[in-house]
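Colleague: If you're matching positions, the sequence shown starts at 603 in our numbering and goes up one per residue.
From the three backbone atoms N, C-alpha and C, an ideal C-beta is built for every residue, glycine too.
Please read through the structure below; I'll follow up with questions.
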Amino acid sequence: MGDLDAWTLSLTLASAAFYGSALVAAGSVPLKLALREMPATAQSALARQLAVAAWLAIALVLLQWPLQAAFLGGGTLASAFDPFLLELVFDSPQGNRILLALAGLLLLQAILLERWRGGAVVALAGVLGAFLVLLAFVQTGHTRDEPRWLLGGLLLVHLAAVAFWIAALHPLLQLAARADDQRNSARVLERFGRISAVSVGLLAVAGVVLAWMFLGGLVPLVTTGYGQLLLTKLALVATLLGFAAWNKWRLVPAFEQGDAQARMRLRRSIRIEMLLFLSILLVTAFLTTTASPGG
Numbered sequence: 603m604g605d606l607d608a609w610t611l612s613l614t615l616a617s618a619a620f621y622g623s624a625l626v627a628a629g630s631v632p633l634k635l636a637l638r639e640m641p642a643t644a645q646s647a648l649a650r651q652l653a654v655a656a657w658l659a660i661a662l663v664l665l666q667w668p669l670q671a672a673f674l675g676g677g678t679l680a681s682a683f684d685p686f687l688l689e690l691v692f693d694s695p696q697g698n699r700i701l702l703a704l705a706g707l708l709l710l711q712a713i714l715l716e717r718w719r720g721g722a723v724v725a726l727a728g729v730l731g732a733f734l735v736l737l738a739f740v741q742t743g744h745t746r747d748e749p750r751w752l753l754g755g756l757l758l759v760h761l762a763a764v765a766f767w768i769a770a771l772h773p774l775l776q777l778a779a780r781a782d783d784q785r786n787s788a789r790v791l792e793r794f795g796r797i798s799a800v801s802v803g804l805l806a807v808a809g810v811v812l813a814w815m816f817l818g819g820l821v822p823l824v825t826t827g828y829g830q831l832l833l834t835k836l837a838l839v840a841t842l843l844g845f846a847a848w849n850k851w852r853l854v855p856a857f858e859q860g861d862a863q864a865r866m867r868l869r870r871s872i873r874i875e876m877l878l879f880l881s882i883l884l885v886t887a888f889l890t891t892t893a894s895p896g897g
């Protein structure tokens, strides 16, 4: 039992790391296209973020393959490399997820060619890659239940909003540190705030509807392990939304006016958002790996 617990924990942590890196990579594409007015240094940092996150996600999705085989095989090292179990995983929806994720993560990096070749084709390839990465998340879990088109669509909307937000945190942190061109940085931050207001609304609505459909009411939210984990996630998300609102309505306007204290507070707030996202990814991984809506 101890070995199985260790493998389950490994799979959960690998899943959380994959969620984070894949979403950062996918979200970097629309972020790059939407915030073209970012300074050249921030654009370069965003390109590096995309590449690093994409290759990390590729390594992690491949690591999940033997970890999933070990999980099915009783949590032993031998089962992790058992050809039968590896084939079983590959022929399952998990295999579809691996293939879609790999294809998308490789394709979305086409956006990095934009500075040399430009054009709509490169941008379209990057957007298609990001879509395939998000589509990979819909291949497993409870979004395969009926009505699948609605559950899958809601999850895609939810993930797209999360990806855009989480991918923006590191570039925005760098912008908030710029004292030499604070006015331009503030314009980028303000534009991100306008776009994210829409994406956050979509994130919240899609997340609430999905939770309701999965659980079938309010009672399972407090009477099942899945519901209690979901409550924890909702509390973290609510805290995250509070910091986002504080940034948009108080700190960014003060930053634009040249308030040095606002610059430090904004950087601290963005770092807290990063930690909250990390916590949400860990809870989500536990939800998808160790719990089910049925309790």
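Check whether the region 614–630 and the region 758–774 are in contact - that is, three or more C-beta pairs closer than 8 Å.
Modeller: In short, these stretches touch, since the Cβ pair count reaches three.
Colleague: Report buried or exposed for A770, applying the criterion of at least 16 other Cβ atoms within 10 angstroms of its Cβ.
Modeller: Burial call: buried.
Colleague: Return helix, strand or coil for T921, following the three-state DSSP convention.
Modeller: Lying outside 603 to 897, the shown extent of the chain, residue 921 is not represented and no answer is given.
Colleague: Would you verify that the beta carbon of G706 is, or is not, closer than 7 Å to some beta carbon of chain B?
Modeller: The question asks about chain B, but that chain is absent: this structure has only one protein chain.
Colleague: In the DSSP assignment, find the alpha helix (DSSP H) that holds T891 and state where it starts and stops.
Modeller: Taken as a continuous stretch (DSSP letters only), the alpha helix (DSSP H) holding T891 covers 862–892.
Colleague: Exposed or buried, Q859, counting other C-beta atoms within 10 Å across all chains shown (16 or more means buried)?
Modeller: That one is exposed.
Colleague: Assign G802 to one of two classes, buried (16 or more other C-beta atoms within 10 Å of its C-beta) or exposed (fewer than that).
Modeller: The question names Gly, yet the displayed sequence has Val at residue 802. By the neighbour-count rule (16 or more Cβ atoms within 10 Å), V802 is buried.
Colleague: Verify the contact flag: R870, CB atom, against every heavy atom of the ligand FMN, threshold strictly below 6 Å.
Modeller: Absence of the ligand FMN from the depicted structure is noted, as is the absence of any ligand whatsoever, leaving it without description.
Colleague: Of the residues L853, L613, A887, which one's Cα is nearest the Cα of L669?
Modeller: The residue with the shortest Cα to Cα distance from L669 is L613.
Colleague: For S871, count neighbouring C-beta atoms within 10 Å of its own C-beta (all shown protein chains included) and say buried if the count is 16 or more, exposed if not.
Modeller: So S871 ends up on the buried side.
Colleague: Identify, in the order they occur along the chain, each residue of the same chain with its Cβ nearer than 7 Å to the Cβ of T891, setting aside the five sequence neighbours on each side.
Modeller: Closer than 7 Å at the Cβ level, and outside the excluded window around T891, lie T610, L613, T614, S617.
Colleague: What do you get for E639, buried or exposed, if any count of 16 or more other CB atoms within 10 angstroms of its CB means buried?
Modeller: It is exposed - the Cβ of E639 has fewer than 16 other Cβ atoms within 10 Å.
Colleague: Is the beta carbon of A846 sitting closer than 7 Å to the one on F857?
Modeller: No, the Cβ-Cβ distance between A846 and F857 is not below 7 Å.
Colleague: Taking 7 Å as the cut-off, decide whether the C-beta atoms of L702 and G728 are in contact.
Modeller: No; because the gap between Cβ atoms is not below 7 Å, this pair is not in contact.
Colleague: With 16 as the cutoff for other CB atoms within 10 Å, does E875 come out buried or exposed?
Modeller: That one is buried.
Colleague: Under the three-state reduction of DSSP, which class applies to M908: helix, strand or coil?
Modeller: Outside the modelled stretch of the chain, which goes from 603 to 897, sits residue 908, for which no answer is possible.
Colleague: How big is the Cα-Cα spacing for Q830 and Y621?
Modeller: Taking the straight line from one Cα to the other gives about 21 Å.
Colleague: Determine the DSSP secondary structure at P749, reduced to helix, strand or coil.
Modeller: Residue state, collapsed to three classes: coil.
Colleague: Return the CA-CA distance between L648 and F766, expressed in angstroms with no decimal places.
Modeller: L648 and F766: Cα-Cα distance of roughly 12 Å.
Colleague: Any contact between the region 835–853 and the region 787–800? By contact I mean 3 or more CB pairs, one from each, below 8 Å.
Modeller: With the cut-off at 8 Å, the region 835–853 and the region 787–800 touch.
Colleague: Taking C-beta to C-beta, are A644 and L777 nearer than 7 Å?
Modeller: A contact, by the Cβ cut-off of 7 Å.
Colleague: Using only the alpha-carbon positions, how far apart do A636 and A837 sit?
Modeller: Each residue's alpha carbon lies about 29 Å from the other.
Colleague: Can the beta-carbon of S623 be found less than 7 Å from the beta-carbon of L652?
Modeller: Contact flag unset, no.
Colleague: On the premise that G706 lies in contact with A722, defined as a C-beta separation below 8 Å, what is that separation, rounded to the nearest angstrom?
Modeller: Not a contact, Cβ separation roughly 19 Å.
Colleague: Residue ranges of each alpha helix (DSSP H) run of no fewer than 4 residues wholly in the region 815–848, ordered along the chain?
Modeller: With a minimum length of 4 residues, the continuous alpha helix (DSSP H) runs that stay inside the region 815–848 are 821–825, 827–848.
Colleague: Could you say which of A680, A738, L730 lies nearest to S694 if we only look at CA atoms?
Modeller: S694 has its Cα closest to that of A738, out of A680, A738, L730.
Colleague: Check each candidate in A661, F673, I768 and name the one with the smallest Cα separation from D607.
Modeller: Selected option, being the one with the closest Cα: F673.
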